[in-house]
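Here is the structure we will look at, set down as structure tokens.
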DNA sequence: GTTCTCCCGG
DNA sequence: CCGGGAGAAC
């Protein structure tokens, strides 16, 4: 089972690129972030035509998340991250597919640091830790998939010194990410490639992609039950070079179906 | 010699359509209106690549006119319509090509009627009458080419009654157009097709093009010396149906080179 | 409807 | 640099 995440930065503006990538990469499950479209502007007809069902959580100008599935039935569990009834930003979608809990998340950027937006980010992370801890405690097969807006380590950024004042690279943010790992979550890509410089985002400005001045923001975290099912993964880096591309590249993993199936029973 | 006019409604947004049309219609001279681009944003490189030189008169948000030439040398004469030093809108460009004075004009729309915008339109027409009368008085071979924003007669509009309150169809505007004809100017298209319903503009709204609910706004007027040189003309109506098309269609005429050459000597 | 401009957010 | 939104003009 191939599971991917892709921050599309505007699903309607990005539709040709998205469809082209779906057809070449053929993921079974896709978590999308930054739809930048209202619920009724989600291009469901084109998504269907590409062979995918979808559940989505739109919003007017920013944010917006969706989960696409090819063949697998989906059941929606949550469309908000629990813990703050005042949070009206569309950044979370939780579904069950093939007996796995799949959480599509678009964590707040948090810039400028410091400030209220950063505080919102930290509160969001706190709620994510709480929600995700429940999956661990319940021994559920679960995956946290999406744009975390967190650069986990110095090995995940081209020039660490440029990011020291940025909300994406604050010590307390990185510490929170590490706590997720300590809680039992596995960073798929880092597990597969322990030492490589791997990026998933390159700024539109200053020809960042041409210079490979990137950062790693998009992550796929596996609960303990799924850890041993991980058989492959990567970043579809070339997609970032396509015309009219998002500033993110898609990230994907492959799970061995049989390995986790036996645990669930 | 094939001379055309085309209100492009944004030259940069329209570039693929414009190039495609240039390559299929192959006019020698083209007057463009509504560039909607500043002087430095005019896509001269792409125009050159299509085989045309250009002189243009850009403006920030609206207006903007240009004259393209394939092979013929151009000499700029005026970049404003004389008679009002306070008029800063880029709506006029006068050049000499092959010994003919070519005036590219984008006459003000004038809506809403009545009001200051309509008064500006009438003042502009008054100045145009004055300038164009000079060409007649001087026996010069001259052409007035462009978007006149004037519906000359009831035969130039799909449903005349819908336009009676519109600045494009006001009696005093149509009277002014008729005075140009009385001064000696020849409406090329109407001369070639005296009775046909011919349109050059279809609103983007209400599927106006599909219903052929159009109006004739774009005209090519010949001074007396050139009248007998007119051998062909038409509207490239199909261009209006192309994807990402302007709301106007190109209009063109062909002049017999030898017929007017003998008069000039 | 479709363009462009300015603005925001990233 | 790009998306999307608001607003103006046609």
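Protein chains in written order, with UniProt numbering: chain A, 1 to 265; chain B, 1 to 265.
The beta carbon of each residue, even a glycine, is placed where N, CA and C say it ideally should be.
Computed from a predicted model, the values in this text were never measured in an experiment.
From the DSSP output, read off the bridge partner residues of residue i.
i             : result
residue 255/B : 230/B
residue 217/A : Beta-bridge pairing links residue 217/A to no other residue.
residue 136/B : According to DSSP, residue 136/B bridges with nothing at all.
residue 146/B : 105/B, 219/B
residue 74/B  : 97/B
residue 69/B  : 29/B, 53/B
residue 202/A : 214/A
residue 8/A   : For residue 8/A, which the question treats as bridged, DSSP gives no partner whatsoever.
residue 2/B   : 254/B
residue 92/B  : 105/B
Which residue marks the beginning of the beta strand (DSSP E) containing residue i, and which one marks its end?
i             : result
residue 54/A  : 53–57
residue 106/A : 100–106
residue 181/A : Not the beta strand (DSSP E): residue 181/A falls in the alpha helix (DSSP H), residues 171–182.
residue 212/B : Counting along the chain, residue 212/B falls outside any beta strand (DSSP E), and DSSP gives it neither H nor E.
residue 237/B : Element bounds for residue 237/B: n/a, residue is neither H nor E.
residue 249/B : Run containing residue 249/B: none; DSSP gives neither H nor E here.
Ignore the nearest five residues each way along the sequence and tell me which others in residue i's own chain have a CB closer than 6 Å to its CB.
i             : result
residue 176/A : 125
residue 10/A  : 36
residue 265/B : Note that residue 265/B scores 41 on pLDDT, short of 50, meaning its location in the model is unreliable; the coordinates nonetheless yield the value given after this. So the list is empty, once near-sequence residues are dropped.
residue 32/B  : 6, 8, 66
residue 110/B : 117, 118, 121, 167
residue 242/A : 17
residue 193/B : none
residue 52/B  : 68, 70
residue 173/A : 150
residue 210/A : none
residue 163/A : 157, 169
Starting from the Cα of residue i, find the closest Cα among the options and give me that residue.
i             : options                    : result
residue 97/A  : 129/A, 54/A, 63/A, 214/A   : 54/A
residue 170/A : 182/A, 152/A, 226/A, 89/A  : 152/A
residue 80/A  : 100/A, 99/A, 107/A         : 107/A
residue 252/B : 241/B, 147/B, 155/B        : 147/B
residue 216/B : 95/B, 237/B, 224/B, 127/B  : 237/B
residue 25/A  : 239/A, 118/A, 93/A         : 239/A
residue 21/B  : 132/B, 248/B, 203/B        : 248/B
residue 222/A : 198/A, 256/A, 212/A        : 256/A
residue 121/B : 188/B, 48/B, 141/B, 84/B   : 84/B
residue 200/A : 230/A, 155/A, 182/A, 48/A  : 155/A
residue 39/A  : 27/A, 132/A, 12/A          : 12/A
residue 198/A : 205/A, 212/A, 204/A, 115/A : 212/A
residue 246/B : 254/B, 205/B, 179/B        : 205/B
residue 191/B : 234/B, 158/B, 88/B         : 234/B
residue 219/B : 182/B, 149/B, 138/B        : 149/B
residue 196/A : 244/A, 131/A, 157/A        : 157/A
residue 114/B : 159/B, 165/B, 61/B         : 165/B
residue 41/B  : 61/B, 23/B, 52/B           : 61/B
residue 127/A : 34/A, 48/A, 86/A           : 86/A
Short of 7 Å in beta carbon distance, which residues of its chain neighbour residue i, apart from the five on each side in sequence? Order them along the chain.
i             : result
residue 46/B  : 15, 19
residue 95/A  : 55, 67, 74, 75, 76, 77, 102
residue 90/A  : 57, 58, 59, 63, 64, 65
residue 227/B : 186
residue 181/A : 187
residue 123/A : 84
residue 88/A  : none
Kindly indicate the opening and closing residues of the alpha helix (DSSP H) around residue i.
i             : result
residue 24/B  : 15–25
residue 191/A : 188–192
Could you check how far apart the C-beta atoms of residue i and residue j are, in whole angstroms? I think they sit under 8 Å.
i             : j             : result
residue 30/B  : residue 50/B  : With a Cβ gap of about 10 Å, residue 30/B and residue 50/B do not count as contacting.
residue 100/A : residue 141/A : 5 Å
residue 136/B : residue 250/B : Wrong, their Cβ atoms sit about 27 Å apart, outside the cutoff.
residue 185/B : residue 144/B : 7 Å
residue 244/A : residue 183/A : Not confirmed; about 39 Å, so no contact.
Identify, in the order they occur along the chain, each residue of the same chain with its Cβ nearer than 8 Å to the Cβ of residue i, setting aside the five sequence neighbours on each side.
i             : result
residue 208/A : 202, 214
residue 112/A : 118, 167
residue 92/B  : 57, 65, 78, 79, 80, 81, 103, 104, 105, 106
residue 179/A : 129
residue 28/B  : 1, 2, 3, 69, 70, 71, 72
residue 232/B : 192, 253, 254
residue 23/B  : 50
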